[in-house]
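Residue numbers for the sequence shown follow the numbering used here, beginning at 307 and rising by one. All C-beta atoms in this analysis are idealised placements derived from N, C-alpha and C, irrespective of residue type, glycine included. Worksheet: the structure to be examined is printed underneath.
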Amino acid sequence: FVVGRNQDCSYCRNSGGACGYNQISSDFVCYCEDGIHNRSSHCRHRSSFDDLVDIGELVILILIAACSLAGVIALLVLLCPCFGVQIFRKRKTSDERRQKKLKALIPLKHYTYAQVKKITKSFAEVVGRGGFGIVYKGTLSDGRMVAVKVLKDSKGNGEDFINEVASMSQTSHVNIVDLLGFCSEGTKRAIIYEFLENGSLDQFIKSNPSMNMDWMVLYGIALGVARGLEYLHYGCKTRIVHFDIKPQNVLLDGNLCPKVSDFGLAKLCEKKESI
Numbered sequence: 307f308v309v310g311r312n313q314d315c316s317y318c319r320n321s322g323g324a325c326g327y328n329q330i331s332s333d334f335v336c337y338c339e340d341g342i343h344n345r346s347s348h349c350r351h352r353s354s355f356d357d358l359v360d361i362g363e364l365v366i367l368i369l370i371a372a373c374s375l376a377g378v379i380a381l382l383v384l385l386c387p388c389f390g391v392q393i394f395r396k397r398k399t400s401d402e403r404r405q406k407k408l409k410a411l412i413p414l415k416h417y418t419y420a421q422v423k424k425i426t427k428s429f430a431e432v433v434g435r436g437g438f439g440i441v442y443k444g445t446l447s448d449g450r451m452v453a454v455k456v457l458k459d460s461k462g463n464g465e466d467f468i469n470e471v472a473s474m475s476q477t478s479h480v481n482i483v484d485l486l487g488f489c490s491e492g493t494k495r496a497i498i499y500e501f502l503e504n505g506s507l508d509q510f511i512k513s514n515p516s517m518n519m520d521w522m523v524l525y526g527i528a529l530g531v532a533r534g535l536e537y538l539h540y541g542c543k544t545r546i547v548h549f550d551i552k553p554q555n556v557l558l559d560g561n562l563c564p565k566v567s568d569f570g571l572a573k574l575c576e577k578k579e580s581i
């Protein structure tokens, strides 16, 4: 037994291993670089064939990964146009629904964007700026002067635009600015209303610092604004809450008669609802 073990140990050492002994099983073991060998008395050396096998396995793994990646890319290429078409169709359907809603709700003239550019002479004269857009001075084909508000950042569903047009289309009062028409072509939206030569109340006060407005004029402006609000709250078929009364949104005509404008934040509500 000792002779056999010595022979095993000799084989183990000659193959580059170290002799050992398993105390539990009382068996001879050979410690090699690739692990412990219990059944063999010598270490197994890697051959060129083993290296080729490992390289072949690596190549197979790379090919599998490449094919999987190519399959995922091909699937994305096929699905992206489908999703793009679906999103485009949804946007187009949404735009068409909004157009139908506006035309059904508002008995006003619908201007094209080309007509708006012609009315404003390619947006040549700016008469005001607000949180929702820029106001340009324009002239209709019949010679009437108008103010054209072009909404900026018109990327959403146009809720502010619909609110303003829908609210103003239901009004008819001496202290509410008259809406004459609108434009809605995709993201291009504009509102056309009567032009008031004295502009907004804040602009009028700033541009006429030396003008002393007596109390009767100030009282008349305040009373006109109050009457306009009363009409919005109680005179319309559907109550309109403005939510943005300030000097910039009060326009003055040639006789300093005030008119409430800019209904971008306005809300329609039933009269039984609390304001």
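Residues near residue i by beta carbon distance below 7 Å, same chain, minus five either side
| i | result |
| --- | --- |
| Val422 | Val454, Cys489, Ala496 |
| Arg533 | Asn481 |
| Cys575 | Arg545, Val547 |
| Leu511 | According to the sequence provided, residue 511 is Ile. The question's Leu does not apply to it. Around Ile511: no qualifying Cβ. |
| Gly436 | Gln554, Asp568 |
Opposing strand residues paired with residue i [DSSP bridges]
| i | result |
| --- | --- |
| Phe334 | Tyr327 |
| Leu557 | Ser506, Lys565 |
| Val547 | Lys573 |
| Tyr499 | Ala453, Leu485 |
| Ile379 | Paired residues: none, contrary to the question. |
| Cys341 | Note that residue 341 corresponds to Gly in the displayed sequence, not to Cys. In DSSP, Gly341 forms a bridge with Cys338. |
Chain-order list of residues whose beta-carbon lies under 8 Å from that of residue i (same chain, five-residue window excluded)
| i | result |
| --- | --- |
| Val523 | Leu562 |
| Leu414 | Val471, Ser475, Leu485, Leu486, Gly487, Phe488 |
| Pro515 | none |
| Ile370 | none |
| Val483 | Met474, Tyr499, Glu500, Leu502, Leu557, Lys565, Val566, Ser567 |
| Val308 | Low per-residue confidence applies at Val308: pLDDT is 45, beneath 50, and the placement is therefore not dependable, though the value from the model is reported in the following sentence. Excluding positions up to five away in sequence, the list is empty. |
| Cys386 | none |
Backbone secondary structure at residue i - three-state DSSP
| i | result |
| --- | --- |
| Gly492 | coil |
| Phe307 | Model confidence at Phe307 stands at a pLDDT of 38, short of 50, so the residue's coordinates are unreliable; what they give is reported in the following sentence. Three-state result, Phe307: coil. |
| Gly322 | coil |
| Asp314 | helix |
| Cys386 | helix |
| Met522 | helix |
| Cys373 | helix |
| Lys512 | helix |
Same chain only: Cβ atoms within 6 Å of residue i, ignoring 5 sequence neighbours per side
| i | result |
| --- | --- |
| Asn469 | Ala572 |
| Val441 | Val433, Gly434, Ala453, Lys455 |
| Gln313 | none |
| Ser506 | Gln554, Leu557 |
| Lys543 | none |
| Ile467 | Reading the sequence as shown, one finds Phe at residue 467 and not Ile. The answer, listed in chain order, is Leu457, Arg495. |
| Ile498 | Val452, Val454, Leu486, Gly487 |
| Cys315 | Cys325 |
| Cys338 | Gly323, Cys349 |
Within-8 Å CB hit, residue i to chain B
| i | result |
| --- | --- |
| Trp521 | The displayed structure is made up of one protein chain only, and chain B is not part of it. |
Query raised in the report: Which parts of the stretch 438-489 are runs of the alpha helix (DSSP H), unbroken and 4 residues or longer, counting only runs that do not cross its ends?
Result: 465-475
Query raised in the report: At what residue ranges does the stretch 411-435 contain a whole run of the alpha helix (DSSP H), taking only runs of 4 or more?
Result: 419-425
Report task. Indicate whether the contact test is met: 3 or more Cβ pairs, each with one atom in the stretch 430-450 and one in the stretch 526-541, closer than 8 Å. Result -> no
Requested in this report: Specify whether the stretch 544-564 and the stretch 498-517 touch according to this definition: at least 3 beta carbon pairs, one from each stretch, less than 8 Å apart.
Outcome: yes
Requested in this report: Determine, using beta-carbon pairs with one atom in the stretch 533-551 and one in the stretch 471-479, whether at least three such pairs fall under 8 Å.
Outcome: yes
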